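Undergrad: Quick one: the structure is below, questions incoming.
In mature numbering (1 follows the signal peptide of the UniProt record, and there is no 0), the protein residues as written are -21 to -1, 1 to 501.
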């Protein structure tokens, strides 16, 4: 995740016109290089590329289920604490090294040796032992029954498999020698700030992709990606709202030569409001901020109607999302009344409200190079000015914003959920540790300890009715605490030339379905 997750961007190009001599090569673009592709670590490793090279035991499906993948079947003990997986016996790593239960166990042990780095994911905390019982039998032992085990084994990271010969110092925490996985692709070469090239893994055990080579150009700027598409350098674009300027996407939707599509809502973009410090410590202030932002105008003017207004942390379609929460819709009069009642007075001739001699001033932090976030921040700043709230915009480089999230150095900060298969369980699990903005935003809540306790319970209970009750209570509390300001439900988007056709949206929002692309015969 990028995770918090990086803004998902991918440009996929099928090149029947530009590369007729090589119809089975494809050009794509990404804002940065794919990184060293360590399957067990995070930034700068790019999730879409990790998923191309490395595979899971089970694969996540669009309906929320999982299907056998490197594991062909599994069972568990009556108490849910011990799981046995039977692995495929026909899989090799791309260097010819066999994939077996011994290799799988070594990978689990490498992840668990760096357990603290993965503490945001409850499965990493639950596993007590992993061992190979034979070449094809793998045993995983847990502290307690853990309902989302299969879903978390399907995540793009960290529970995927690299050839053990590529470990450094017996593990992966200090890096890897080379990214050798079992997936349909392997990394052929990389040029910093220029491109990465992945080629088809000819040893792949499954159905091999139709494409033979994917060149990933590094194009950081959204406008430059749009130009690359229009000039024919790129033949298809796939990603989320940062993919290209949204006015350009809207124009592409009406271009007769292009096929432009939006997926169903995949994630939620919101502001995390810091309940631990500054004016946002006050419940009334957080509620007022929610009422003061005109989200519909923001979606229409900045997002060109490509997203839906968000009323809650999760879209109603997300599993276990409560359906009975009362939205806080745009009502600046109510926002002003809440602030007045909380003692934040606006004196005549003064632009900003004050209390005890202190102005109602809040910083809003965002990634400075994200033009879309900047535009949204400016509208939010203008909305809050109308109710007497002084907002200072803080645009910084990506790593600095992530550090602010982890350390709690923000009043308001852009944040987002993680999409399938992380939502809701893995996203909620991460709220209990200071790895993302959520923990720091919630830390000052009076019911934070209870929220964390119920999250731990919901992840380990085997009672479905109890699980639903706990999810409902946690998500209702977070909504009532107004610790988030939901902005929009994000859709993925794709744009392709007619000859490329429609590209399916991957079930996992951080993945790109390269293996499902069949080039048009020139």
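Virtual Cβ for every residue (Gly too), placed ideally from N, Cα, C. Every value quoted in this text rests on a predicted model; they were computed, and no experiment measured them.
At the 9 angstroms Cβ level, is residue 361 part of the contact set with chain B, yes or no?
TA: Absent from the structure is chain B; it holds one protein chain and no more.
Undergrad: Could you check which residue in 339, 111 and 106 has the C-alpha nearest to that of residue 120?
TA: On the chain shown, residue 120 is found 141 positions in, with the first residue counted as 1. When only C-alpha atoms are compared, the closest one is 106.
Undergrad: Which word fits residue -1, buried or exposed, when buried means at least 16 other C-beta atoms lie within 10 angstroms of its C-beta?
TA: If you number the chain shown from 1, residue -1 lands on position 21. Unreliable placement is indicated for residue -1, whose pLDDT of 36 sits below 50; the coordinate value is still reported in the next sentence. With fewer than 16 other Cβ atoms within 10 Å, it is exposed.
Undergrad: Could you give the residue range of the alpha helix (DSSP H) that holds residue 86?
TA: Counting from one through the chain shown, the residue named residue 86 turns up at place 107. 80 to 91 is the extent of the alpha helix (DSSP H) around residue 86.
Undergrad: Alpha helix (DSSP H) containing residue 104: first to last residue?
TA: Within the chain shown, residue 104 is the residue found at index 125, counting from 1. Segment 101 to 105, the alpha helix (DSSP H) holding residue 104.
Undergrad: Go ahead and label residue 523 buried or exposed: buried means 16 or more other beta carbons lie within 10 angstroms of its beta carbon, across all protein chains shown.
TA: With the chain covering only -21 through 501, there is no way to say anything about residue 523.
Undergrad: Grab me the residues of residue 430's own chain with a C-beta within less than 8 angstroms of its C-beta, minus the 5 sequence neighbours each way, in chain order.
TA: Locating residue 430 in the chain shown gives position 451, counting from the first residue. 410, 421, 424, 453, 456 and 457, listed in sequence order.
Undergrad: Can you name, in chain order, every residue of its own chain whose Cβ lies under 6 angstroms from the Cβ of residue 390, other than the five neighbours on each side?
TA: Working through the chain shown from its first residue, we reach residue 390 at position 411. The residues are 253, 257, 259, 341 and 342.
Undergrad: Going residue by residue through the segment 173 to 256, where are the continuous alpha helix (DSSP H) segments of at least 4 residues, counting only ones entirely within it?
TA: Counting whole runs of 4 or more residues, the segment 173 to 256 contains the alpha helix (DSSP H) stretches 201 to 209 and 225 to 232.
Undergrad: Looking only at its chain, what residues have a beta carbon closer than 8 angstroms to the beta carbon of residue 55, apart from the 5 residues adjacent to it on each side?
TA: Stepping through the chain shown from its first residue, residue 55 is reached at position 76. Excluding residues within five positions, the ones whose Cβ falls inside 8 angstroms are 61, 62 and 63.
Undergrad: For the alpha helix (DSSP H) that contains residue 434, what are its first and last residues?
TA: Locating residue 434 in the chain shown gives position 455, where the first residue counts as 1. Per DSSP, residue 434 belongs to the alpha helix (DSSP H) from 427 to 439.
Undergrad: Using only alpha-carbon positions, find the residue among 36, 292 and 315 that is nearest to residue 304.
TA: Here residue 304 refers to the residue found at position 325 when the chain shown is read from its first residue. Cα-wise, what sits closest to residue 304 is 292.
Undergrad: In angstroms with no decimal places, state the Cα-to-Cα distance between residue 353 and residue 471.
TA: In the chain shown, the residue the question calls residue 353 occupies position 374. In the chain shown, the residue the question calls residue 471 occupies position 492. Approximately 20 angstroms, taken between the alpha carbons.
Undergrad: Apart from the five residues just before and just after residue 84, which ones in its own chain have a Cβ nearer than 6 angstroms to its Cβ?
TA: For the purposes of this step, residue 84 is identified with residue 105 of the chain shown, where counting begins at 1. These residues qualify, in order along the chain: 109, 110 and 111.
Undergrad: Could I get the ranges of all uninterrupted alpha helix (DSSP H) runs contained in the segment 374 to 414, with 4 residues as the minimum, in chain order?
TA: Counting whole runs of 4 or more residues, the segment 374 to 414 contains the alpha helix (DSSP H) stretches 377 to 386 and 404 to 409.
Undergrad: Three Cβ pairs or more, each shorter than 8 angstroms: is that satisfied between the segment 162 to 178 and the segment 442 to 453?
TA: No, the segment 162 to 178 does not touch the segment 442 to 453.
Undergrad: Can you give the Cα-Cα distance for residue 294 and residue 402, rounded to whole angstroms?
TA: For the purposes of this step, residue 294 is taken as residue 315 along the chain shown, with counting starting at 1. For the purposes of this step, residue 402 is taken as residue 423 along the chain shown, with counting starting at 1. Residue 294 and residue 402: Cα-Cα distance of roughly 10 angstroms.
Undergrad: Indicate the three-state DSSP secondary structure (helix, strand or coil) for residue 312 in the structure shown.
TA: Counting from 1 along the chain shown, the entry for residue 312 is found at position 333. Helix.
Undergrad: So, using beta-carbon positions, are residue 161 and residue 33 closer together than 9 angstroms?
TA: Walking along the chain shown from the start, residue 161 turns up at place 182. Walking along the chain shown from the start, residue 33 turns up at place 54. Yes; because the gap between Cβ atoms is below 9 angstroms, this pair is in contact.
Undergrad: According to DSSP, residue 116 sits in a beta bridge with which residue or residues?
TA: Position 137 of the chain shown holds residue 116. In DSSP, residue 116 forms a bridge with 65.
Undergrad: Looking only at C-alpha atoms, which of 265, 367, 435 and 450 sits nearest to residue 299?
TA: What you label residue 299 is simply residue 320 of the chain shown in a count that begins at 1. Taking only the C-alpha atoms, the option nearest residue 299 is 450.
Undergrad: Please state whether DSSP places residue 38 in a helix, a strand or coil.
TA: Within the chain shown, residue 38 is the residue found at index 59, counting from 1. Correct three-state label for residue 38: strand.
Undergrad: Exposed or buried, what is residue 485 when buried is set at 16 or more other beta-carbons lying within 10 Å of its beta-carbon?
TA: Translated into the one-based positions of the chain shown, residue 485 becomes position 506. Flag for residue 485 reads buried.
Undergrad: Determine the DSSP secondary structure at residue 507, reduced to helix, strand or coil.
TA: Residue coverage of the chain in this structure runs from -21 to 501, which leaves residue 507 outside it and unanswerable.
Undergrad: Just to confirm, are residue 392 and residue 277 a CB contact at a threshold of 9 angstroms?
TA: For this step, residue 392 is matched to residue 413 along the chain shown. For this step, residue 277 is matched to residue 298 along the chain shown. Going by C-beta atoms, residue 392 is not nearer than 9 angstroms to residue 277.
Undergrad: Check each candidate in 360, 396 and 143 and name the one with the smallest Cα separation from residue 90.
TA: On the chain shown, residue 90 is found 111 positions in, with the first residue counted as 1. Of 360, 396 and 143, the residue nearest in Cα terms is 143.
Undergrad: Please list, in chain order, all residues of the same chain as residue 181 whose beta carbon is under 6 angstroms from its beta carbon, the five residues on each side excluded.
TA: The count along the chain shown starts at 1 and reaches residue 181 at position 202. So no residue of the chain qualifies.
Undergrad: So, is residue 362 buried or exposed, given that buried needs 16 or more other C-beta atoms within 10 angstroms?
TA: Walking along the chain shown from the start, residue 362 turns up at place 383. Flag for residue 362 reads buried.
Undergrad: Taking DSSP as the reference, what is the three-state secondary structure of residue 302?
TA: Residue 302 sits at position 323 when you count from the first residue of the chain shown. Three-state DSSP puts residue 302 in coil, outside helix and strand.
Undergrad: Enumerated in chain order, which unbroken segments of the alpha helix (DSSP H) with a length of 4 residues or greater are wholly contained in the segment 337 to 369?
TA: The segment 337 to 369 contains these whole alpha helix (DSSP H) runs: 350 to 364.
Undergrad: What residues in its chain sit with their C-beta under 8 angstroms from that of residue 154, if we drop five residues either side in the sequence?
TA: Here the question's residue 154 lines up with position 175 in the chain shown. So the qualifying residues of the chain are 15, 17 and 147.
Undergrad: Taking contact to mean 3 or more Cβ pairs, one atom from each stretch, closer than 8 angstroms, check whether the segment 261 to 281 and the segment 373 to 387 are in contact.
TA: No: fewer than three Cβ pairs fall under 8 angstroms.
Undergrad: Grouping DSSP H, G and I as helix and E and B as strand, with all else coil, what is residue 372?
TA: As a position in the chain shown, residue 372 is number 393, starting the count at 1. Residue state, collapsed to three classes: strand.
Undergrad: Secondary structure at residue 274, three-state DSSP: helix, strand or coil?
TA: As a first step, residue 274 is located in the chain shown; it is residue number 295 there, counting from the start. Residue 274: helix per DSSP, three-state reduction.
Undergrad: Classify residue 28: buried if its beta carbon has 16 or more other beta carbons within 10 angstroms, exposed otherwise.
TA: In the chain shown, the residue the question calls residue 28 occupies position 49. Flag for residue 28 reads buried.
Undergrad: Taking C-alpha atoms, which residue in 493, 497, 494 and 488 lies nearest to residue 135?
TA: Taking the first residue of the chain shown as 1, we reach residue 135 at position 156. If we check each option's Cα against that of residue 135, 488 comes out closest.
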